[in-house]
Amino acid sequence: MSTTDPTPDSHLLGAADIRELAAAFGVKPTKQRGQNFVIDGNTVRRIVRAGGVTAEDAVVEVGPGLGSLTLALLEVARHVTAVEIDPVLAQHLPATVAARMPGKTDSFDLVFSDAMEVTELPGPAPTALVANLPYNVAVPVLLHMLAHFPSIERTLVMVQSEVADRLAAKPGNKVYGVPSVKANWYADVKRAGAIGRNVFWPAPNVDSGLVSLIRREPPKTTASREEVFAVVDAAFAQRRKTLRAALAGWAGSAAAAEQALAAAGIDHKLRGEMLTVEQFAAIAEHKPAEPAESAVQAESAARKPVESAGSAGSAEDSE
Numbered sequence: 000m001s002t003t004d005p006t007p008d009s010h011l012l013g014a015a016d017i018r019e020l021a022a023a024f025g026v027k028p029t030k031q032r033g034q035n036f037v038i039d040g041n042t043v044r045r046i047v048r049a050g051g052v053t054a055e056d057a058v059v060e061v062g063p064g065l066g067s068l069t070l071a072l073l074e075v076a077r078h079v080t081a082v083e084i085d086p087v088l089a090q091h092l093p094a095t096v097a098a099r100m101p102g103k104t105d106s107f108d109l110v111f112s113d114a115m116e117v118t119e120l121p122g123p124a125p126t127a128l129v130a131n132l133p134y135n136v137a138v139p140v141l142l143h144m145l146a147h148f149p150s151i152e153r154t155l156v157m158v159q160s161e162v163a164d165r166l167a168a169k170p171g172n173k174v175y176g177v178p179s180v181k182a183n184w185y186a187d188v189k190r191a192g193a194i195g196r197n198v199f200w201p202a203p204n205v206d207s208g209l210v211s212l213i214r215r216e217p218p219k220t221t222a223s224r225e226e227v228f229a230v231v232d233a234a235f236a237q238r239r240k241t242l243r244a245a246l247a248g249w250a251g252s253a254a255a256a257e258q259a260l261a262a263a264g265i266d267h268k269l270r271g272e273m274l275t276v277e278q279f280a281a282i283a284e285h286k287p288a289e290p291a292e293s294a295v296q297a298e299s300a301a302r303k304p305v306e307s308a309g310s311a312g313s314a315e316d317s318e
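Going letter by letter, the sequence shown gives residues 0 to 318 in numbering that gives the first Met the number 0.
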């Protein structure tokens, strides 16, 4: 009888394991939640390597599913906290970790929640975010996590290839837009590889891409992040228009937008797709004050005499 030890990969989930667990839990992947489970051990280990995860890291994973990537992260990281919105998957993941990697149960926490509502996590502060993000919510989830967990130094996410291109795009690129600028507020962003469809179950109808984000300080500006992002949203809401026209609503008028752009040293004939996050911050710093006439009208309304009760009568009297 053979006394060979189990293979080093025996605790990872392969295609047969994924299907077996899904059947046992009554899980049927849904498009609504973008559930495509990774069934290849080499792929999850590649993601962990691309994320630069080390034994010093506390990793937060969003959307762990059945645990494919979770187990690969636990091979390396000091601690892993998984955030799962699906009640069935959340219920069973701790048992999968205990069965597959019993020595790592103390290094694992599960948070049953919508990631968009998570503002604090159990365990050590996360130093890395590594996740296979559902395609339909990838960008908002990524930006939410970066905003609420400044301790995250490195991020590696797997997203739809088109989304990966947008996140990593530079000014002047035709797919450069809101995700590109907002991600650059937090980090240096780049593509970190491509992932084919055959490593998922069920196989998606699109290819996937890896995106690496290395945290850096945001642009030096007197404007808040919210103020800068408001300019970004306005500029790309009508991305084919010049900045003078696209920012008219934000500034109060096209003329006011032109003045703000001039003060920021930016040509008003440019479009938003040509600007860096630093330039958007400069525009935000020069947002015009409310028009003087609005202030006068507000003051006049405040000084308007209040009619006496004797001359007007009550609401009940007039009915």
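Each residue gets a CB set at the ideal place from its N, CA and C atoms; glycine is no exception. Since this is a predicted model, take the numbers as computed values, not measurements.
Q: Grab me the residues of residue 180's own chain with a C-beta within less than 7 Å of its C-beta, minus the 5 sequence neighbours each way, in chain order.
A: Start at 1 with the first residue of the sequence shown, and residue 180 comes out as number 181. Here the set comprises 231, 276, 279.
Q: Using a threshold of 8 Å, state whether the C-beta atoms of residue 38 and residue 148 are closer than that.
A: Here the question's residue 38 lines up with position 39 in the sequence shown. Here the question's residue 148 lines up with position 149 in the sequence shown. It is not a contact, given that the beta carbons lie outside the stated cut-off.
(Q) Starting from residue 192, trace the beta strand (DSSP E) in both directions and tell me its first and last residue. (A) Here residue 192 refers to the residue found at position 193 of the sequence shown. That run of the beta strand (DSSP E) goes 186 to 194.
Q: Taking the CB atoms as reference points, tell me whether residue 259 and residue 282 lie closer together than 8 Å.
A: Numbered from its first residue, the sequence shown carries residue 259 at position 260. Numbered from its first residue, the sequence shown carries residue 282 at position 283. It is a contact, given that the beta carbons lie within the stated cut-off.
Q: In the DSSP assignment, find the unbroken beta strand (DSSP E) run with residue 248 in it and report its ends.
A: Residue numbering aside, residue 248 sits at position 249 when the sequence shown is read from its first letter. Here residue 248 belongs to no beta strand (DSSP E); instead the alpha helix (DSSP H) covers 247 to 250.
Q: Measure the C-alpha to C-alpha separation of residue 104 and residue 41 and round it to an integer number of angstroms.
A: The sequence position of residue 104 within the sequence shown is 105, counting from 1. The sequence position of residue 41 within the sequence shown is 42, counting from 1. Rounded to the nearest angstrom, the two C-alpha atoms are 23 Å apart.
Q: Round the Cβ separation of residue 168 and residue 174 to the nearest angstrom and send it over; I've been treating them as touching at under 8 Å.
A: As a working note, residue 168 is residue 169 in the sequence shown. As a working note, residue 174 is residue 175 in the sequence shown. Contact holds; Cβ gap of about 5 Å.
Q | Backbone secondary structure at residue 53 - three-state DSSP | A | Here residue 53 refers to the residue found at position 54 when the sequence shown is read from its first residue. Correct three-state label for residue 53: coil.
(Q) Quick check: what's the CA-CA separation for residue 80 versus residue 109? (A) If you number the sequence shown from 1, residue 80 lands on position 81. If you number the sequence shown from 1, residue 109 lands on position 110. Roughly 6 Å separates the two Cα atoms.
Q.
Once DSSP output is grouped into helix, strand and coil, what is the label at residue 60?
A. Here residue 60 refers to the residue found at position 61 when the sequence shown is read from its first residue. DSSP places residue 60 in strand when its eight states are reduced to three.
Q. Does DSSP put residue 208 in a helix, in a strand, or in coil?
A. Taking the sequence shown and counting its residues from 1, the one referred to as residue 208 is at position 209. Reduced to three states, the DSSP call for residue 208 is strand.
Q | Close beta carbons around residue 271, own chain, < 7 Å, minus the five adjacent residues each side | A | In the sequence shown, residue 271 corresponds to position 272, counting from 1. So the list reads 234, 235, 238, 242, 245, once near-sequence residues are dropped.
**Q.** Where residue 177 sits in the DSSP three-state scheme
**A.** Position 178 of the sequence shown, counting from 1, holds the residue named residue 177. Reduced to three states, the DSSP call for residue 177 is helix.
Q) Per DSSP, what kind of secondary structure is residue 237 in: helix, strand or coil? A) Locating residue 237 in the sequence shown gives position 238, where the first residue counts as 1. Residue 237 falls in the coil class under three-state DSSP.
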